[in-house]
Amino acid sequence: MASLRRLAWMCRNLAKQHVDDPDVPAAPDGADGYAQWTQIALILFRVELEKSLRETEDYLNEMPGVLAVFDLDEAPHYSSFCRWENEYRMRELRRLLRA
Numbered sequence: 001m002a003s004l005r006r007l008a009w010m011c012r013n014l015a016k017q018h019v020d021d022p023d024v025p026a027a028p029d030g031a032d033g034y035a036q037w038t039q040i041a042l043i044l045f046r047v048e049l050e051k052s053l054r055e056t057e058d059y060l061n062e063m064p065g066v067l068a069v070f071d072l073d074e075a076p077h078y079s080s081f082c083r084w085e086n087e088y089r090m091r092e093l094r095r096l097l098r099a
């Protein structure tokens, strides 16, 4: 799991470098709202894991150490991942992963 935590830290750091306000809490509006850096970091993490949306939600919920890297108590619902991925251009996200 150490390598998954390293991957989570990498995704988190890349996402925080990409947003205007990286100091916003991970879920400032509670369970319904997530910071922009959190959304990007979790998308990057999912892409690197090569998991489906539902698998990502389940996978994260089974790894509290990785969730802690993202400052979350539980994974967002898979539908949130879907919505976020529609909001962010995948080309831009893949560029971040290559960095």
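Here the sequence shown is numbered in the UniProt record's numbering, starting from 1 and rising by one per residue. In this text, a Cβ means the ideal position worked out from N, Cα and C, and glycines have one as well. Remember, it's a predicted structure, so these values are computed and weren't measured experimentally.
Over the uninterrupted alpha helix (DSSP H) stretch that includes residue i, give me the two end residues.
i	result
residue 45	36 to 49
residue 81	78 to 87
Would you say residue i and residue j are within 7 Å of each other, going by their C-beta atoms?
i	j	result
residue 24	residue 35	yes
residue 45	residue 11	yes
residue 84	residue 17	no
residue 26	residue 96	no
residue 53	residue 88	no
residue 75	residue 41	no
Please state whether DSSP places residue i in a helix, a strand or coil.
i	result
residue 65	helix
residue 58	helix
residue 27	coil
residue 92	helix
How about the region 3 to 20 and the region 49 to 66: do they share at least three Cβ pairs that are nearer than 8 Å?
yes
Check whether the region 46 to 61 touches the region 12 to 23, taking contact to mean three or more Cβ pairs, one atom from each stretch, closer than 8 Å.
no
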